[in-house]
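Residue numbers (the numbering used here): -6 to 770.
Just so you know, even glycine gets a beta-carbon here, dropped at the ideal spot from N, CA and C.
I have placed the structure first, in the form of structure tokens, so that the comments after it can refer back to it.
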Amino acid sequence: MNDMGTDFDQYLRAANYLTAAQIFLQDNFLLERELNFDDIKPRLLGHWGSGPGVNFAYSHLGYLAKSRNQEIMFVLGPGHAFPALQANLFLEGTLERFYPEAKQTYEGIGYLCRNFSWPYGFPSHSNPSAPGVILEGGELGYSLSTSYGAVLDNPNLMVACLIGDGEAETGPTAAAWHLNKLVNPRTNGAVLPILHLNGYKISAPTIFGRMSDEELMALFTGYGYQPKIISGDNIHNQMQATLEWAYSEIQKIKQSDVSSFTRMPMIIMRTLKGWTGIRELNGQKIEGNCLSHQVVLTEAKTNPEQLRMLEQWLRSYKIEELFSKDQGFEGFINSLMPEPEKRMGLSKHAIGGDPVYKPLVLPPLEQYAEDATKHGTIGSSSMRRAGLYLNEVFRLNSETKNFRLMSPDETYSNKLDGIFKTTKRAWTLPIEAWDKDLSPDGRVMEMLSEHNLQGLAQGYILTGRHAVFASYEAFVPVVTSMMDQYAKFLRQSEDVPWRGTIPSLNYILTSSGWRQEHNGFSHQNPGFIADALRRQGDFVDVYFPPDGNSTLACLEHCLTTTRHINIIVAGKTLEPRWLTPELAKKELETGLATWNFASDDNPDVVLTAAGDYLTKEALAAVSIVKQDCPNIRVRFVNIMSLTSCGLGRGGTCLTHEGFNMLFTPDKPVIGNFHGYPETLKAIIFDYIGSSPQRFSIHGYIESGSTTTPFDMHVRNRTSRYHLAIEVFEKMSTTGRIPYEEAQHITKKYEQKITDNTAFIKKNGVDMPEIDAWQWTR
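Written out as structure tokens, the structure reads:
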């Protein structure tokens, strides 16, 4: 081990100085004169406490990358430590590559400091405008799973993941430690977790910070790691030696022939919260306490004593020994950091585009489509079709190894198990003779933690590869907030010109609430799509394919898109086939279409539906109306895709003129929606103009239980009978049929609802005329 103590000390002093200066200074950046109030920013924003530990770890990781010629990506869990990360990006010269003003000059230091936490400057947290970043880290808990996602199929990559001890208290992080049992380090990259124990959160100690070394060693040994703790004196030498040990262990494991689970190294790094900063203020302990978490000297702009303390603190780093206006920084940066192209901030994996992004090779969907020339007469499972299609996607991309499926132990349950003809589930723990479809090199990531599957998917996608996250519809809302955070990351990335192409994040939501009548109310929740459709922008699309062929069309399309969030909502049960592959593709182009086989010209009323089960009920209602009142002219419009911007897909939403062509300018419109009625109402609000009363939207109204499939529709007023009754009532109001006739027909179908309710109470299943219904027109 080389004696690099002086270089590490100088680097840490420079990084700590720049971290603090970003928070406080708007002038006098090198302290060439005494600080005055005009030198201090009017609003002091940012977080100091975690910064010194981040700077310490970054400097040593940079040296490891240099000494071992190792490609390292740095993932920062506590994103509030961004001024520290920004200081390191500045020192290693990466920031200047993307922001020419950020030169290692006096003016560059001014640019760095002045723009931190400043309007239209740099944000306070990690963000896509910072090179090397694939995690915002404002909402804590996702750094470790994101890191494991990044190393999948990247065998030469090491990801150093710095996890805050506050972040380590989150549920997602607690489960993420187990991802080492799914990721084979011999065929994938390696994650080096660094648990940063500075002991405190915002206002209280951390649990991990108060655990003894013995407890920590026992815990992380139990998680399946080789932990080493560094703390106390001589910490630079400790860290350097520990990283050398970790690197050697990783290489030893990667080069071994054993394919079963092996303990990977991890580091527990104890440093003081607010290390090297203000020690005491107004009689209260600051360094090594929660009071150093954010801005320490909050009154430095107005309080002479705090201004004096700030100057004393900043001068303690002796920046004049580290930087001069004439020569810039001393040689410690180049002594520690690898050549510029290999510095952590320039990791190609974090930028996207070529060479990390490669489009998938996709099979023609017609190869897996089914005959649908007789509309609605033959059953098909959308998920069975999708499973066979995805199996071929795995096969066609087996060489490039850039496609994965994430599923919370539901691949079989969701009828996607056709993929196991080509791949298996990732698993490095012991495999028993009776276990199915498990392999250390499986490409299906199954873990009963939606948070960590989402994190794996994000890490995989943001480093240029493709993933599908398939889940029960009712339980994917567990990651609603993660999806929101990812959407924010995508939205910010749109404004960063050097961010390259990345695939879309694709969800499949199945086992939907409409067919969770056997599992009951807890399994009936369309809330995820409601939240997704509130995202602003044209990069979130939700697809409601009505049958298997249209599911294939949606899946094919989603796998070709980039920088989007795509959500496919489709069932797994046998349901009618409605569209040929050609019709499915044609409707997908616009997102909705009139189904001519179920429609009349010049309609008196329009029925519309989004979702496979809702489409079936709407078409059954059309059949009832035409049977009882053939003179009522009905149009059926199927909605296959929605976005927050309107009907259709983002960027190509339906125009107002197109809306009136499909739904007429003045006829009653009755909708049957897969999710909450309010979700669709919000989307069509801008279309409906001055006649909202002509629109009636049915959907899930939070009424369910363990019951029959049709009774789910009855309880939520989405059944064929409820829709048909509303048609008759509206046609009576418009004078299309006599009032007495409408009343008579309405009573007939109200009685059918009553009869079926009595029937299911006695027999446990729906009446045969409902259960065996087929389209016959």
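Start and end residues, alpha helix (DSSP H) containing residue 299:
As a working note, residue 299 is residue 306 in the sequence shown. For residue 299, the uninterrupted alpha helix (DSSP H) segment begins and ends at 297 to 308.
Determine, using beta-carbon pairs with one atom in the stretch 185 to 193 and one in the stretch 145 to 164, whether at least three such pairs fall under 8 Å.
As far as the Cβ criterion goes, the stretch 185 to 193 touches the stretch 145 to 164, which means the pair count is three or higher.
Is the beta carbon of residue 260 closer than 8 Å to that of residue 239?
Taking the sequence shown and counting its residues from 1, one reaches residue 239 at position 246. Taking the sequence shown and counting its residues from 1, one reaches residue 260 at position 267. With contacts defined as CB atoms closer than 8 Å, residue 239 and residue 260 qualify as a contacting pair.
Sequence ranges, beta strand (DSSP E) only - wholly within the stretch 656 to 702, length at least 3:
DSSP runs (the beta strand (DSSP E)) wholly in the stretch 656 to 702: 662 to 666 and 688 to 691.
One question on the structure: do residue 499 and residue 460 come within less than 8 Å of each other, judged by their Cβ atoms?
Start at 1 with the first residue of the sequence shown, and residue 499 comes out as number 506. Start at 1 with the first residue of the sequence shown, and residue 460 comes out as number 467. A distance below 8 Å separates the beta carbons of residue 499 and residue 460.
Quick test of the definition: if touching needs 3 or more C-beta pairs under 8 Å, does the stretch 133 to 150 touch the stretch 51 to 62?
Flag = no, the stretch 133 to 150 and the stretch 51 to 62 do not touch.
Could you tell me which of 386, 214, 136 and 281 sits nearest to residue 202, measuring between CA atoms?
For the purposes of this step, residue 202 is identified with residue 209 of the sequence shown, where counting begins at 1. When each option's Cα is compared against that of residue 202, the closest is 281.
For residue 9 and residue 269, believed in contact at Cβ under 8 Å, the rounded distance:
Looking up residue 269 in the sequence shown gives position 276. Looking up residue 9 in the sequence shown gives position 16. Approximately 5 Å separates the beta-carbon atoms of residue 269 and residue 9; this is inside 8 Å, confirming the contact.
Leaving out five residues before and five after residue 723 in sequence, what residues of the same chain have Cβ atoms less than 7 Å from its Cβ?
Position 730 of the sequence shown, counting from 1, holds the residue named residue 723. Counting only Cβ-Cβ distances below 7 Å, and skipping sequence neighbours, we find 598 and 661.
Inter-residue Cα distance where the pair is residue 110 and residue 77
As a working mapping, residue 110 is identified with position 117 in the sequence shown. As a working mapping, residue 77 is identified with position 84 in the sequence shown. So the alpha carbons of these two residues sit roughly 13 Å apart.
In the DSSP assignment, what are the bridge partners of residue 570?
Along the sequence shown, read from residue 1 onward, the residue named residue 570 stands at position 577. Beta-bridge analysis with DSSP links residue 570 to no other residue.
Residue 45 classed as buried or exposed, judged by whether at least 16 other C-beta atoms fall within 10 angstroms:
The count along the sequence shown starts at 1 and reaches residue 45 at position 52. Buried: at least 16 other Cβ atoms inside 10 Å.
What beta strand (DSSP E) runs, 3 residues minimum, are completely inside the stretch 601 to 649?
Qualifying beta strand (DSSP E) stretches, in chain order: 627 to 632 and 634 to 636.
Is the stretch 641 to 648 close to the stretch 741 to 759, with three or more CB pairs under 8 Å?
No, the stretch 641 to 648 is not in contact with the stretch 741 to 759.
Buried or exposed: where does residue 732 fall if 16 or more other Cβ atoms within 10 Å of its Cβ makes it buried?
Sequence index remark: in the sequence shown, residue 732 carries index 739 (1-based). Classification of residue 732: exposed, given that the 10 Å Cβ count is below 16.
Name the residue from 465, 187 and 32 whose alpha carbon lies nearest to the alpha carbon of residue 521.
Start at 1 with the first residue of the sequence shown, and residue 521 comes out as number 528. Of 465, 187 and 32, the residue nearest in Cα terms is 465.
Okay, do the stretch 569 to 582 and the stretch 404 to 422 touch, 3+ Cβ pairs below 8 Å being the bar?
Judged by Cβ distances under 8 Å, the stretch 569 to 582 makes no contact with the stretch 404 to 422, as fewer than three pairs qualify.
Is residue 74 helix, strand or coil by DSSP?
For the purposes of this step, residue 74 is taken as the residue at position 81 of the sequence shown. Helix.
DSSP three-state call for residue 462: helix, strand or coil?
Here the question's residue 462 lines up with position 469 in the sequence shown. Three-state result, residue 462: strand.
Taking 7 Å as the limit between beta carbons, can you name the residues of its chain near residue -6, skipping five residues before and five after?
One-based indexing of the sequence shown puts residue -6 at position 1. Any reading at residue -6 is ruled out, since the residue's pLDDT is 43, under 50, leaving its predicted position unreliable.
Beta carbon of residue 375, beta carbon of residue 541: below 8 Å?
Within the sequence shown, residue 375 is the residue found at index 382, counting from 1. Within the sequence shown, residue 541 is the residue found at index 548, counting from 1. Yes, the pair counts as a contact, with Cβ atoms nearer than the cut-off.
Unbroken alpha helix (DSSP H) run spanning residue 262, endpoints
For the purposes of this step, residue 262 is taken as residue 269 along the sequence shown, with counting starting at 1. First-last for residue 262: 257 to 263, but that is the beta strand (DSSP E), not the alpha helix (DSSP H).
Paired residues, beta bridge with residue 598 - DSSP:
As a working note, residue 598 is residue 605 in the sequence shown. As a beta-bridge residue in DSSP terms, residue 598 pairs with 627.
Could you pull out every residue in the same chain whose Cβ sits closer than 8 Å to the Cβ of residue 341, ignoring the five residues on either side in sequence?
Here residue 341 refers to the residue found at position 348 of the sequence shown. Only 348 and 349 meet the Cβ criterion.
Using the Cβ count rule (16 or more neighbours within 10 Å means buried), how would you classify residue 277?
Residue numbering aside, residue 277 sits at position 284 when the sequence shown is read from its first letter. Per the 10 Å Cβ criterion, exposed.
Assign residue 741 to one of three DSSP states: helix, strand, or coil.
For the purposes of this step, residue 741 is taken as residue 748 along the sequence shown, with counting starting at 1. Reduced to three states, the DSSP call for residue 741 is helix.
Mind checking which residues open and close the beta strand (DSSP E) that includes residue 283?
On the sequence shown, residue 283 is found 290 positions in, with the first residue counted as 1. Per DSSP, residue 283 is not a residue of any beta strand (DSSP E), being assigned neither H nor E.
Over what stretch of residues does the beta strand (DSSP E) that includes residue 501 continue unbroken?
Residue mapping note: residue 501 aligns to position 508 of the sequence shown, counting from 1. Counting along the chain, the beta strand (DSSP E) containing residue 501 begins and ends at 498 to 503.
Please classify residue 767: does DSSP put it in a helix, a strand, or coil?
One-based indexing of the sequence shown puts residue 767 at position 774. Judged by DSSP in its simplified three-state form, residue 767 adopts coil rather than helix or strand.
Exposed or buried, which one is residue 426 when buried takes at least 16 other CB atoms within 10 Å?
Reading the sequence shown from its first residue, position 433 is the one you call residue 426. Classification of residue 426: exposed, given that the 10 Å Cβ count is below 16.
Rounded to a whole number of angstroms, what is the C-alpha to C-alpha distance between residue 479 and residue 451?
The count along the sequence shown starts at 1 and reaches residue 479 at position 486. The count along the sequence shown starts at 1 and reaches residue 451 at position 458. One Cα belongs to residue 479, the other to residue 451, and the distance between them is close to 8 Å.
Taking the C-alpha atoms as reference points, what is the distance between residue 587 and residue 127?
Within the sequence shown, residue 587 is the residue found at index 594, counting from 1. Within the sequence shown, residue 127 is the residue found at index 134, counting from 1. Cα to Cα, the separation comes out at about 42 Å.
Residue closest to residue 463, alpha-carbon to alpha-carbon, out of 491, 483 and 405
Taking the sequence shown and counting its residues from 1, the one referred to as residue 463 is at position 470. The shortest C-alpha separation from residue 463 is found at 405.
Assuming residue 593 contacts residue 626 under a Cβ cut-off of 8 Å, what Cβ separation, rounded to an integer in Å, is found between them?
For the purposes of this step, residue 593 is taken as residue 600 along the sequence shown, with counting starting at 1. For the purposes of this step, residue 626 is taken as residue 633 along the sequence shown, with counting starting at 1. So it is a contact: roughly 4 Å between Cβ atoms.
Confirm, please, whether the CB-CB distance from residue 6 to residue 303 is below 8 Å.
The residue labelled residue 303 in the question sits at position 310 within the sequence shown. The residue labelled residue 6 in the question sits at position 13 within the sequence shown. Taking 8 Å as the Cβ cut-off, residue 303 and residue 6 do not qualify as a contacting pair.
For residue 765, collect the residues of the same chain with a Cβ closer than 6 Å to its Cβ; drop the 5 residues on either side in sequence, then sort them by chain order.
Along the sequence shown, read from residue 1 onward, the residue named residue 765 stands at position 772. The beta carbon of residue 765 sits closer than 6 Å to none of the beta carbons in its chain outside the five residues before and after it.
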